[in-house]
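Enquirer: Residue numbering for the sequence shown follows the working numbering, starting at 176 and increasing by one per position. Virtual Cβ for every residue (Gly too), placed ideally from N, Cα, C.
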Amino acid sequence: MKNKWTNRSKKKKRTQKSSDKVIRLFPSYKEGLTAEQVKERIEKGAANDSVDPTFKTNQQIILENIFTYFNLIFLILAILLCLVESYKNLTFLPVIIANTGIAVFQEIRSKKILDELNVLNTAKVNVIREGIEQTVAIENLVLDDIVILETGHQIPADAEVVEGKLQVNEALLTGEADEITKEIGDLLMSGSFVVSGKAYARLDKVGADSYISQLTVKAKTMGEGEQSEMIASLNQLIKWIGIIIIPIGILLFSQSYFFNGNTMKESVVAMEAALIGMIPEGLYLLTTIALALSATKLAKQRVLLHNMKSIETLARVNVLCVDKTGTITENKMSVQKVIVSKKQEIISQSDQLEERIADYAKAMAGDNATMEAVKEYFTKTTDQSYHQVIPFSSVQKFSSVALEDKVYVLGAPEMVLRDQLPEYAEEFVSFAEKGYRVLVFGVYDGILEEPVLTEAVTPLGYILIANPIRKEARATFDYFKKQQVAIKVISGDNPLTVSNVAVQAGISHADQYIDASKLSEEEYEAAVEKYTVFGRIKPEQKKIFVQLLKRNNTVAMTGDGVNDILAMKEADCSVAMASGNEAAMQASQVVLLDSDFSRMPEVVAEGRRVVNNIERSASLFLVKNIFSFLLSLFSVIFALTYPLEPSQITLISLFTIGLPSFLLALEENKKRIKGKFIMNVMEKAVPGGLTDMIVVGALVICGVTLNLNKTDVSTASTILLIAVGFLVLYKICSPLNKFRSQIILFCASGIFFSVVFLHKLFSITGISAVSLLLLSILFFSADSIFRHLTTLVEYLFERKNEKEPEIINKLPRFLRLFKRNK
């Protein structure tokens, strides 16, 4: 720790700007700053403003959507068309302008809704000002403020302890999981969180000066490329398309103008048609809008996303790790009963035991759900004086108080009784089997100054605590069972107790449980595969278990306490309950603002809808891109002029790609996601793209051979591409339902209307009898070619192993023989 703070002091001149502008104060922790001092610090920029380099203003959103690489390409193409006076081929411009406008509108709208939700979810901090305890938003803190920190709080800015004592976990900053004791004069790093205790601290560095702000900037900058598989795949695809279109465009123009002897206008038009066909102009827009709409939809259901990646990640989750408290059960605990130990001789009556527990509870801070429940139940105190308080920690799983002449301990039986556990187990094991959480209250035989038990504990009694199971828990876990999502219950409680609760909640294989404290590190890997319920687990073990599960699965982790944070940060996706502590919420990617775990199926279903629909739509876009790329290469290799015009590409894109993609993205689609995004997309797109290339390539060659008119070839190619486009659309929409059938009919009607009434705009002309005959032959060939290519590609991608015999039977005879010989 000393090195980190020393390093920071070396950067003082560069980063500590706010503290240079104001006179430093050292107010009493009982009085704090005055209103005038707070106002002065805010005016001089010494407030705890958040630092987030990913935050975008409305102006940035507008500029980023307008000034894109492909918009620049489209602008250049439009200028070239204007220069050669081919104005009717500018039909792609309204689509591009509309795409950009929609993207800007949706992103700003989504940002506004999410900003409003973030304001509602802003972390609050208790602060002492003018001798009064107040609650303020974290960004309203100022330099030298006196803040009150308790269990579960995330430290909002670098601070110094001025009164009290804390156990702090700095693992999110340093990677070290050990809990560190902080006393008066010790420094606290922003971003770390309080495990136990209570203290007053004076803020030493705020806003951009704080340690967490510097880490945030660095981490966000380094993590800009860390995106979901879907977005990463689309970015890679668009990147390579952006690279190849320039040389291909130059080659096509040069060949047409310099070698084939076409006019400047014909050469520019042919070149632009090829390039426009290769640019997936609506794909990235569709993806962005779909994700933004999903985030907005979830926000209205009080589900806050800290990053968009979590939508796709949750959709792909096949292992969900949950804690018992707050997830399976209600977050509120209640004491059901207290049992006097039969073997103890110090206290003989129940009322005396309850008074002693009440005295103990009075000495402890009510900073966790368990102690709150104990305080609420045991109220009859004897006002004994106390000293040497050791608060509860998720690591040692016990707390202690020295009341006058004795040291009392309260905690988990395994941790408190240790070697004595077999001697006393019969007194409480039956209650654990019924699902109660059992706490041992006893006398420690010795002096306890550190949270380490070395001497024997004599149990006085057992406190039985219960968490009611959430009413919707069984239905929620039934959903995940049907969706083949494995549940792992990871809890710090007794494994038998957790197992019983999990069984009642309907979790599959919940009877397979183990005490994690008895596992060696070598046994972890086998245990995470074999068992469903893990009890007596420590925060560091949770983290390791999630790491092991991530090797072969997509893992989500839910939690609401400080003991869950390490595992939540390690998981592919983390989900926090708003009823938990603020540190857990800040560490998560998804926050359930109403703390309702039954929202999870809706979140997963929404993610699956988005990913499945984008995957389906991306296939439609790539058909055109694959075809345009292959036909461009074909034209260059065989010294042919690209047969289509930009306006014809626009017509094809509008009714066989753009419009159906947008409409299909609105459909419910809860299928489980399998395989890699790009492979799934290519499997659906390759047959259509190859079919387009084969039939149009054949048409172009026949056109040259038969000396057909260019407009005949161009119109026939457009009709062929529309036909194949509908074959692909039909395949992707299968099995048809009413909604999908209506989409196909609507798009077909749009094509018919455009051909009949807007044929001049889209360069559709009448064709000769020879061209019509050739078109008919290739039309029927396209259907057969598409079906065989689809079967072949499905086989090559090996995506349907369970249907392999059926696929093989559909293959052409020579391929079936090849398969059998192989």
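Tell me the start and end of each unbroken alpha helix (DSSP H) in the stretch 400-454 that is at least 4 residues and wholly inside, in chain order.
Expert: Runs found: 404-429, 439-453.
Enquirer: In whole angstroms, give me the CA-to-CA distance for Phe921 and Ile827.
Expert: When rounded, the distance between both Cα atoms is 14 Å.
Enquirer: Counting only runs that start and end within the stretch 510-560, where is the alpha helix (DSSP H) found for 4 or more residues in a row?
Expert: Whole alpha helix (DSSP H) segments, 4+ residues: 525-538, 544-552.
Enquirer: What would DSSP say about Val279, mapped onto helix, strand or coil?
Expert: In this structure, Val279 counts as helix in the three-state DSSP scheme.
Enquirer: Less than 8 Å between the CB atoms is what I'm expecting for Val870 and Val664, so what's the real figure, rounded?
Expert: With 8 Å as the limit, Val870 and Val664 do not qualify as a contact, their Cβ atoms being about 57 Å apart.
Enquirer: So, are the CB atoms of Ile897 and Phe830 less than 9 Å apart?
Expert: Closer than 9 Å, so yes.
Enquirer: For a test of the three-state rule: what should DSSP assign to His562, helix, strand or coil?
Expert: His562: strand per DSSP, three-state reduction.
Enquirer: Bridge partners of Met732, per DSSP?
Expert: Answer is Cys496, Ser749, bridged to Met732.
Enquirer: With 16 other CB atoms within 10 Å as the buried threshold, where does Ile419 fall?
Expert: Classification of Ile419: exposed, given that the 10 Å Cβ count is below 16.
Enquirer: Check for me: the beta strand (DSSP E) holding Thr633 runs from which residue to which?
Expert: It spans 632-641 - the beta strand (DSSP E) in which Thr633 sits, taken as one unbroken run.
Enquirer: Tell me which same chain residues have a C-beta within less than 8 Å of the C-beta of Asp620, skipping the five on either side of it?
Expert: Closer than 8 Å at the Cβ level, and outside the excluded window around Asp620, lie Glu630, Ala631, Val632, Thr633.
Enquirer: Apply the 10 Å Cβ neighbour rule to Leu545 and answer buried if 16 or more other Cβ atoms are within range, or exposed otherwise.
Expert: It is worth fixing the name first, because residue 545 is Thr in this sequence and not Leu. Buried.
Enquirer: Please classify Cys748: is it buried, with 16 or more other beta-carbons within 10 angstroms of its beta-carbon, or exposed?
Expert: Its Cβ being crowded by 16 or more others within 10 Å, Cys748 is buried.
Enquirer: Asp384 to Arg377, Cα distance in whole Å?
Expert: Asp384 and Arg377: Cα-Cα distance of roughly 15 Å.
Enquirer: How do the stretch 495-512 and the stretch 786-794 stand: do at least 3 beta-carbon pairs fall below 8 Å, yes or no?
Expert: The stretch 495-512 vs the stretch 786-794: no contact.
Enquirer: Going by C-alpha distance, which of Ala445, Leu834, Ile277, Gly850 is nearest Gln917?
Expert: Measuring from the Cα of Gln917, the nearest candidate turns out to be Leu834.
Enquirer: Between which two residues does the beta strand (DSSP E) carrying Gly878 extend?
Expert: Run containing Gly878: none in the beta strand (DSSP E); it sits in the alpha helix (DSSP H), 852-880.
Enquirer: Measure the CB-CB distance between Val673 and Val708 and report whether it falls below 9 Å.
Expert: Cβ atoms of Val673 and Val708: closer than 9 Å.
Enquirer: What residue does the beta strand (DSSP E) around Asn344 start on, and which one ends it?
Expert: That run of the beta strand (DSSP E) goes 333-344.
Enquirer: Check the DSSP bridge columns for Ile952 and list the partner residues they point to.
Expert: In DSSP, Ile952 forms no bridge with anything.
Enquirer: Rounded to the nearest angstrom, what separates Gly366 and Ala470 at their Cα positions?
Expert: Cα to Cα, Gly366 sits roughly 26 Å from Ala470.
Enquirer: CB Leu623 to CB Ala577, shorter than 9 Å?
Expert: Contact flag set, yes.
Enquirer: With respect to the beta strand (DSSP E) encompassing Val618, which residues constitute its N-terminal and C-terminal limits?
Expert: It spans 612-619 - the beta strand (DSSP E) in which Val618 sits, taken as one unbroken run.
Enquirer: Any idea if Tyr583 is buried or exposed, counting beta-carbon neighbours within 10 angstroms, 16 or more meaning buried?
Expert: When all chains shown are included, Tyr583 counts as buried.
Enquirer: Using C-beta distances below 6 Å, list every residue in its chain close to Arg304, excluding the 5 sequence neighbours before and after it, in chain order.
Expert: The residues are Gly207, Leu208.
Enquirer: Classify Arg774 as buried or exposed, calling it buried when 16 or more other Cβ atoms lie within 10 Å of its own Cβ.
Expert: Arg774 should be labelled buried.
Enquirer: Judging by CA-CA distance, which residue of Lys231, Val311, Leu255 is the nearest neighbour of Glu282?
Expert: Closest option to Glu282, Cα to Cα, is Lys231.
Enquirer: In terms of alpha-carbon separation, which member of Gly636, Leu466, Lys499 lies closest to Glu530?
Expert: Looking at the Cα atoms, Gly636 is the closest of the given residues.
Enquirer: Roughly how many whole angstroms lie between the Cα atoms of Thr326 and Tyr204?
Expert: Whole-angstrom Cα-Cα distance: 19 Å.
Enquirer: How about the stretch 855-870 and the stretch 960-970: do they share at least three Cβ pairs that are nearer than 8 Å?
Expert: Taking 8 Å as the limit for Cβ pairs, the verdict is that the stretch 960-970 does touch the stretch 855-870.
Enquirer: Using the beta-carbon count (16 or more within 10 Å), is Thr229 buried or exposed?
Expert: Low per-residue confidence applies at Thr229: pLDDT is 49, beneath 50, and the placement is therefore not dependable enough to give any value.
Enquirer: Near Ser408, what residues of its chain come up, given a Cβ to Cβ distance below 7 Å and the 5 sequence neighbours on each side ignored?
Expert: Contacts found: Phe852, Ile853.
Enquirer: For the beta strand (DSSP E) that Ala648 lies in, which residues bound it at each end?
Expert: Not the beta strand (DSSP E): Ala648 falls in the alpha helix (DSSP H), residues 648-657.
Enquirer: Please confirm whether Ile565 has its beta-carbon closer than 9 Å to some beta-carbon of chain B.
Expert: Judged by its chain identifiers, the structure shown contains no chain B, having just a single protein chain.
Enquirer: Just checking my contact of Tyr817 with Ala449 at CB under 8 Å: how many whole Å lie between their CB atoms?
Expert: With 8 Å as the limit, Tyr817 and Ala449 qualify as a contact, their Cβ atoms being about 5 Å apart.
Enquirer: Mapping DSSP to helix, strand and coil, what is Ser575?
Expert: If DSSP states are grouped into helix, strand and coil, Ser575 belongs with the strands.
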